[in-house]
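Chemist:
There are 4 protein chains.
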Amino acid sequence: MGASEPSTRNLEDAHELGMLLAQRGWIVLTGGRPEGVMGAAAAGAKRIPGSITLGILPGTTGGAGPNVDVAIFTGMGEARNAINVLTSDVIVAAGIEGPGTLSEVALALKAGKPVLLLRPSNAARELFQLIRGDALLLEAQSPEQAVRLIEEELGLARLQWSP
Amino acid sequence: MGASEPSTRNLEDAHELGMLLAQRGWIVLTGGRPEGVMGAAAAGAKRIPGSITLGILPGTTGGAGPNVDVAIFTGMGEARNAINVLTSDVIVAAGIEGPGTLSEVALALKAGKPVLLLRPSNAARELFQLIRGDALLLEAQSPEQAVRLIEEELGLARLQWSP
Amino acid sequence: MGASEPSTRNLEDAHELGMLLAQRGWIVLTGGRPEGVMGAAAAGAKRIPGSITLGILPGTTGGAGPNVDVAIFTGMGEARNAINVLTSDVIVAAGIEGPGTLSEVALALKAGKPVLLLRPSNAARELFQLIRGDALLLEAQSPEQAVRLIEEELGLARLQWSP
Amino acid sequence: MGASEPSTRNLEDAHELGMLLAQRGWIVLTGGRPEGVMGAAAAGAKRIPGSITLGILPGTTGGAGPNVDVAIFTGMGEARNAINVLTSDVIVAAGIEGPGTLSEVALALKAGKPVLLLRPSNAARELFQLIRGDALLLEAQSPEQAVRLIEEELGLARLQWSP
Numbered sequence: 001m002g003a004s005e006p007s008t009r010n011l012e013d014a015h016e017l018g019m020l021l022a023q024r025g026w027i028v029l030t031g032g033r034p035e036g037v038m039g040a041a042a043a044g045a046k047r048i049p050g051s052i053t054l055g056i057l058p059g060t061t062g063g064a065g066p067n068v069d070v071a072i073f074t075g076m077g078e079a080r081n082a083i084n085v086l087t088s089d090v091i092v093a094a095g096i097e098g099p100g101t102l103s104e105v106a107l108a109l110k111a112g113k114p115v116l117l118l119r120p121s122n123a124a125r126e127l128f129q130l131i132r133g134d135a136l137l138l139e140a141q142s143p144e145q146a147v148r149l150i151e152e153e154l155g156l157a158r159l160q161w162s163p
Numbered sequence: 001m002g003a004s005e006p007s008t009r010n011l012e013d014a015h016e017l018g019m020l021l022a023q024r025g026w027i028v029l030t031g032g033r034p035e036g037v038m039g040a041a042a043a044g045a046k047r048i049p050g051s052i053t054l055g056i057l058p059g060t061t062g063g064a065g066p067n068v069d070v071a072i073f074t075g076m077g078e079a080r081n082a083i084n085v086l087t088s089d090v091i092v093a094a095g096i097e098g099p100g101t102l103s104e105v106a107l108a109l110k111a112g113k114p115v116l117l118l119r120p121s122n123a124a125r126e127l128f129q130l131i132r133g134d135a136l137l138l139e140a141q142s143p144e145q146a147v148r149l150i151e152e153e154l155g156l157a158r159l160q161w162s163p
Numbered sequence: 001m002g003a004s005e006p007s008t009r010n011l012e013d014a015h016e017l018g019m020l021l022a023q024r025g026w027i028v029l030t031g032g033r034p035e036g037v038m039g040a041a042a043a044g045a046k047r048i049p050g051s052i053t054l055g056i057l058p059g060t061t062g063g064a065g066p067n068v069d070v071a072i073f074t075g076m077g078e079a080r081n082a083i084n085v086l087t088s089d090v091i092v093a094a095g096i097e098g099p100g101t102l103s104e105v106a107l108a109l110k111a112g113k114p115v116l117l118l119r120p121s122n123a124a125r126e127l128f129q130l131i132r133g134d135a136l137l138l139e140a141q142s143p144e145q146a147v148r149l150i151e152e153e154l155g156l157a158r159l160q161w162s163p
Numbered sequence: 001m002g003a004s005e006p007s008t009r010n011l012e013d014a015h016e017l018g019m020l021l022a023q024r025g026w027i028v029l030t031g032g033r034p035e036g037v038m039g040a041a042a043a044g045a046k047r048i049p050g051s052i053t054l055g056i057l058p059g060t061t062g063g064a065g066p067n068v069d070v071a072i073f074t075g076m077g078e079a080r081n082a083i084n085v086l087t088s089d090v091i092v093a094a095g096i097e098g099p100g101t102l103s104e105v106a107l108a109l110k111a112g113k114p115v116l117l118l119r120p121s122n123a124a125r126e127l128f129q130l131i132r133g134d135a136l137l138l139e140a141q142s143p144e145q146a147v148r149l150i151e152e153e154l155g156l157a158r159l160q161w162s163p
């Protein structure tokens with residue numbers, strides 16, 4: 001998850017993260033549109049042959065990025081962020097640069113889903129620590145560390161997918 | 001789409017239909033649970049190596065059938081029927097035996113999506129003709145005819161999927 | 001519930017029904033837009049001083065009819081029909097002239113809500129009898145009979161509202 | 001908006017805020033359940049004769065607090081937070097003590113709705129300033145100041161309601 005107009009660093013992180021997740025055989029889920037962190041994560045994932053990318057879109061038709069294999073059209077606008085979160089095994093935020101990403105992290109913590117913050121700001125880290133409840137909240141300073149933490153902490157061998 | 005406790009004929013139709021759709025390289029989308037038409041269509045599709053099945057579930061976690069490759073958890077109950085419809089290129093109803101299937105066909109016609117009724121009852125055919133508006137409404141008496149009609153009428157080469 | 005471009009009879013029925021429901025102190029819920037059965041039912045209800053009308057809208061802002069007191073903006077498109085149904089104590093369909101109304105009746109039966117069909121077509125009556133499951137399905141030939149049946153069958157004194 | 005298990009100060013603020021809003025003839029919208037900030041705001045509002053309180057609930061039936069006049073059942077879980085936000089003219093957060101409230105403020109900023117933070121923590125203030133985009137973000141240190149700011153900044157005479 002991340003901004004539609006992210007910083008260069010978050011954009012690069014998202015691309016690398018998508019690639020690393022797909023290399024492990026995990027499905028990469030994004031908000032489905034072509035721009036920003038969404039687009040970069042899907043593009044990174046599709047660098048890996050046989051990968052699957054899933055995009056959960058706000059609209060009723062169209063608008064999916066070119067690297068989305070399976071596009072889900074919700075017609076629900078931002079309420080679809082709740083579906084993104086429920087459908088994911090782990091939520092990774094490549095920066096919290098806009099309110100959409102913030103809502104996804106908040107909904108994830110509310111749903112008790114594991115959240116990994118990639119290079120969070122101090123303000124984000126501090127606020128999430130205050131409100132996280134029982135949800136697992138991880139932090140990483142690079143995509144490699146993010147993927148390693150997910151593997152170590154969550155043991156998500158079950159995320160492996162094969163057609 | 002179809003009932004969770006269907007007639008034997010509709011259950012068999014759904015299984016065969018799932019297989020025929022997957023043979024053409026199309027993604028088979030169902031309501032995701034293991035029972036009835038949903039479960040049979042997904043099972044049929046997974047007889048074909050390399051097929052992809054998608055299940056859009058009403059709940060927040062769990063409950064997906066064993067033949068669902070990609071499970072979307074909406075947490076929205078029956079409102080997820082609107083997502084099933086928006087996400088599909090064609091909606092096939094293997095019988096209208098319950099209100100859930102009826103709502104999906106109605107929402108599909110409302111969204112202007114092509115609908116194919118497989119062996120509909122006279123009452124269903126008559127009511128849908130009255131209210132269909134501009135949506136394409138097809139009818140078939142067998143799964144083979146259903147798939148042929150979809151190919152002929154809609155030319156859905158674009159539905160082909162490859163990882 | 002009813003069509004946005006209904007027959008004259010259904011339009012008149014909706015107006016009278018709205019008035020009769022509001023006279024009993026019940027809240028009248030519609031899809032919120034100004035046209036057709038929605039608009040007529042709300043207009044009828046607002047003929048009664050102190051009445052409350054509720055509109056549950058598909059969009060994110062605007063578009064509520066002039067007789068809607070409380071407008072709920074769902075931003076969910078037709079998926080909001082599921083909310084209309086869950087929020088109502090009884091669903092009355094003033095004709096089934098379009099797929100939106102059909103989806104609401106179907107979702108109501110699925111949710112086990114009482115449904116009253118006002119002057120249904122033979123096709124609608126027949127199909128709903130086939131698929132209704134355990135839900136209560138009533139039929140009336142006039143708004144007066146509809147309100148009387150709701151009172152007799154359901155004893156909805158609890159629907160009375162006072163600010 | 002606020003926590004289901006808030007601090008005493010936030011609970012008292014919510015009660016007073018509900019009363020002050022209702023005194024001005026505004027409809028008070030909450031998440032509908034009886035506990036915490038939701039319950040207190042509705043209870044405060046119902047101290048004022050003729051007030052209207054609206055509750056938008058996550059479930060399909062039941063669970064509304066005793067001070068909710070009009071209960072909307074969404075059956076959508078936390079995705080209903082998006083509806084709370086779209087339906088409100090102004091969102092007031094009486095503390096950000098949990099992820100549900102955080103998601104509502106984030107969704108409000110995303111939708112471009114005015115948000116007022118009542119006694120926010122430093123972390124919340126800082127994070128929202130970073131991500132708020134063009135949305136109006138106000139801050140107050142008491143319910144009285146909150147209502148005064150809403151009146152002054154937004155001129156919400158239109159929020160006045162009469163049956």
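Each protein sequence line maps, in turn, to chains A, B, C and D. Note that our numbering has the first sequence beginning at 1, numbered continuously upward. Note that our numbering has the second sequence beginning at 1, numbered continuously upward. Note that our numbering has the third sequence beginning at 1, numbered continuously upward. Note that our numbering has the fourth sequence beginning at 1, numbered continuously upward. Ideal placement from N, C-alpha and C gives every residue a C-beta, glycine not left out.
(1) Can you pull out the residues from the segment 59-71 of chain A whose beta carbon lies closer than 8 angstroms to at least one beta carbon of chain C?
(2) Is the beta carbon of D/T60 closer than 8 angstroms to that of C/L86?
(3) Scan the segment 102-127 of chain A for residues whose Cβ lies nearer than 9 angstroms to a Cβ of chain D and list them as they occur along the chain.
(4) Can you name the start and end residues of the alpha helix (DSSP H) that A/L136 belongs to?
(5) Can you list, in chain order, the residues of its chain with a C-beta nearer than 7 angstroms to that of D/M182? Leave out the 5 residues immediately preceding and following it.
(6) Please tell me whether C/G31 has its Cβ less than 8 angstroms away from any Cβ of chain A.
(7) Rounded to the nearest angstrom, what separates D/P114 and D/L136 at their Cα positions?
(8) To the nearest angstrom, how far is it from the Cα of A/V68 to the Cα of A/M38?
(9) Between the segment 79-92 of chain C and chain D, which residues of the former have CB atoms less than 7 angstroms from a CB of the latter, in chain order?
(10) In chain A, which residues lie with their C-beta within 7 angstroms of the C-beta of B/L54?
(11) Counting only Cβ pairs nearer than 7 angstroms, list the residues of chain C close to A/G77.
(12) Roughly how many whole angstroms lie between the Cα atoms of C/L107 and B/I96?
(13) How is the alpha helix (DSSP H) around A/I83 delimited, first residue to last?
(14) 8 angstroms is my cut-off, CB to CB: does A/I27 come that close to chain B?
(15) For A/L154, which residues in the same chain have their Cβ closer than 7 angstroms to its Cβ, ignoring the five residues on either side in sequence?
(16) Kindly give me the distance between the Cβ atoms of D/A64 and D/G32, rounded to whole angstroms, as I take these residues to be in contact under 8 angstroms.
(17) Flag B/E12 as yes if its beta-carbon sits less than 8 angstroms from any beta-carbon of chain C, otherwise no.
(18) Label C/G75 either buried or exposed according to how many other C-beta atoms from any shown protein chain fall within 10 Å of its C-beta, with 16 as the threshold for buried.
(19) Is C/L29 near C/L54, with beta carbons less than 8 angstroms apart?
(20) Check B/A71 in the structure and name its three-state DSSP category.
(21) Taking the alpha carbon of D/D134 as the point to measure from, which residue in D/G77, D/A111 and D/V92 has its own alpha carbon closest?
(22) So, is the C-beta of B/L130 closer than 8 angstroms to a C-beta in chain C?
(23) For D/E5 and A/A40, what's the separation of their Cα atoms in angstroms?
(24) What is the DSSP secondary structure of D/G55, counted as helix, strand or coil?
(25) When the Cα of B/S51 is compared with those of B/S7, B/A124, B/W26 and B/S103, which residue comes out closest?
(26) Taking B/A94 as part of the beta strand (DSSP E), name the residues at either end of that continuous run.
(27) So what does DSSP say about C/T30, is it helix, strand or coil?
(28) Is the Cβ-Cβ distance between D/L17 and D/A124 less than 8 angstroms?
(29) With the cut-off set at 8 angstroms, would you say A/V92 and A/L109 are in Cβ contact?
(30) Determine which residues share a DSSP beta bridge with C/V147 and list them.
(31) When you compare only the Cα positions, how much space is there between D/Q141 and C/R148?
(32) If D/G77 sits next to A/A82, beta carbons under 8 angstroms apart, how far is it from one beta carbon to the other, in whole angstroms?
(33) Given that A/P143 touches chain D, what residues does it touch there, using C-beta distances under 7 angstroms?
(34) Under DSSP, the alpha helix (DSSP H) around A/L109 begins and ends at which residues?
Modeler: A quick look at the data gives this:
(1) Flagged, chain order: T60.
(2) Taking the first residue of the third sequence as 1, we reach residue 86 of chain C at position 86. Taking the first residue of the fourth sequence as 1, we reach residue 60 of chain D at position 60. Yes, they are a contact pair.
(3) The residues in question are L102, S103, E104, V105, A106, L107, A108, L109, K110, A111, S121, N122, A123, A124, R125, E126 and L127.
(4) On the first sequence, residue 136 of chain A is found 136 positions in, with the first residue counted as 1. No alpha helix (DSSP H) contains A/L136, which DSSP labels as neither H nor E.
(5) Within the shown structure, residues of chain D are numbered from 1 to 163, placing residue 182 of chain D beyond reach of any answer.
(6) Along the third sequence, one-based indexing puts residue 31 of chain C at 31. Chain A, which has no Cβ nearer than 8 angstroms to the Cβ of C/G31, makes this no.
(7) By 1-based counting over the fourth sequence, the position of residue 114 of chain D is 114. By 1-based counting over the fourth sequence, the position of residue 136 of chain D is 136. Between D/P114 and D/L136, the alpha-carbon positions lie close to 5 angstroms from each other.
(8) Within the first sequence, residue 68 of chain A is the residue found at index 68, counting from 1. Within the first sequence, residue 38 of chain A is the residue found at index 38, counting from 1. Between the C-alpha atoms of A/V68 and A/M38 there is a straight-line separation of about 10 angstroms.
(9) If the cut-off is 7 angstroms between Cβ atoms, the segment 79-92 of chain C has A82, I83, L86 and T87 near chain D.
(10) What you label residue 54 of chain B is simply residue 54 of the second sequence in a count that begins at 1. Identification of chain A residues near B/L54 by a Cβ-Cβ cut-off of 7 angstroms yields V70, ordered along the chain.
(11) For the purposes of this step, residue 77 of chain A is taken as residue 77 along the first sequence, with counting starting at 1. The contacting residues are T60 and G75.
(12) Numbered from its first residue, the third sequence carries residue 107 of chain C at position 107. Numbered from its first residue, the second sequence carries residue 96 of chain B at position 96. Going by the C-alpha atoms only, they are around 14 angstroms apart.
(13) On the first sequence, residue 83 of chain A is found 83 positions in, with the first residue counted as 1. Residues R80 to T87.
(14) In the first sequence, residue 27 of chain A corresponds to position 27, counting from 1. Answer yes: the Cβ-Cβ gap between A/I27 and chain B drops below 8 angstroms somewhere.
(15) Position 154 of the first sequence, counted from the first residue, corresponds to residue 154 of chain A. So the list reads V90 and P114, once near-sequence residues are dropped.
(16) Counted from its first residue, the fourth sequence places residue 64 of chain D at position 64. Counted from its first residue, the fourth sequence places residue 32 of chain D at position 32. Indeed they touch by this definition, with Cβ atoms about 5 angstroms apart.
(17) Start at 1 with the first residue of the second sequence, and residue 12 of chain B comes out as number 12. Taking Cβ atoms only, chain C never reaches closer than 8 angstroms to B/E12, which makes this a no.
(18) Stepping through the third sequence from its first residue, residue 75 of chain C is reached at position 75. Here C/G75 is buried. Its C-beta has 16 or more other C-beta atoms within 10 Å.
(19) Here residue 29 of chain C is taken as the residue at index 29 of the third sequence, counted from 1. Here residue 54 of chain C is taken as the residue at index 54 of the third sequence, counted from 1. In this structure, C/L54 lies closer than 8 angstroms to C/L29 by Cβ.
(20) Position 71 of the second sequence holds residue 71 of chain B. Strand, per DSSP.
(21) Stepping through the fourth sequence from its first residue, residue 134 of chain D is reached at position 134. Among D/G77, D/A111 and D/V92, the Cα nearest to that of D/D134 belongs to D/A111.
(22) Numbered from its first residue, the second sequence carries residue 130 of chain B at position 130. Judged by the 8 angstroms Cβ criterion, B/L130 is in contact with chain C.
(23) Along the fourth sequence, one-based indexing puts residue 5 of chain D at 5. Along the first sequence, one-based indexing puts residue 40 of chain A at 40. When rounded, the distance between both Cα atoms is 39 angstroms.
(24) In the fourth sequence, residue 55 of chain D corresponds to position 55, counting from 1. Three-state result, D/G55: strand.
(25) Locating residue 51 of chain B in the second sequence gives position 51, where the first residue counts as 1. The shortest Cα separation from B/S51 among B/S7, B/A124, B/W26 and B/S103 belongs to B/W26.
(26) What you label residue 94 of chain B is simply residue 94 of the second sequence in a count that begins at 1. B/A94 -> beta strand (DSSP E) spans I91 to A94.
(27) The sequence position of residue 30 of chain C within the third sequence is 30, counting from 1. C/T30 carries a strand assignment under DSSP once its states are collapsed to helix, strand and coil.
(28) As a position in the fourth sequence, residue 17 of chain D is number 17, starting the count at 1. As a position in the fourth sequence, residue 124 of chain D is number 124, starting the count at 1. Result no, Cβ atoms of D/L17 and D/A124 do not sit closer than 8 angstroms.
(29) Numbered from its first residue, the first sequence carries residue 92 of chain A at position 92. Numbered from its first residue, the first sequence carries residue 109 of chain A at position 109. No, the Cβ-Cβ distance between A/V92 and A/L109 is not below 8 angstroms.
(30) As a working note, residue 147 of chain C is residue 147 in the third sequence. Partner(s): none; C/V147 has no beta bridge.
(31) The residue labelled residue 141 of chain D in the question sits at position 141 within the fourth sequence. The residue labelled residue 148 of chain C in the question sits at position 148 within the third sequence. In a straight line, the C-alpha of D/Q141 is about 53 angstroms away from that of C/R148.
(32) One-based indexing of the fourth sequence puts residue 77 of chain D at position 77. One-based indexing of the first sequence puts residue 82 of chain A at position 82. Taking 8 angstroms as the upper bound for CB-CB distance, D/G77 and A/A82 are in contact here, some 7 angstroms apart.
(33) Counting from 1 along the first sequence, the entry for residue 143 of chain A is found at position 143. Residues of chain D passing the Cβ test: none, with the nearest at roughly 22 angstroms.
(34) As a working mapping, residue 109 of chain A is identified with position 109 in the first sequence. Note, A/L109: alpha helix (DSSP H), P99 to K110.
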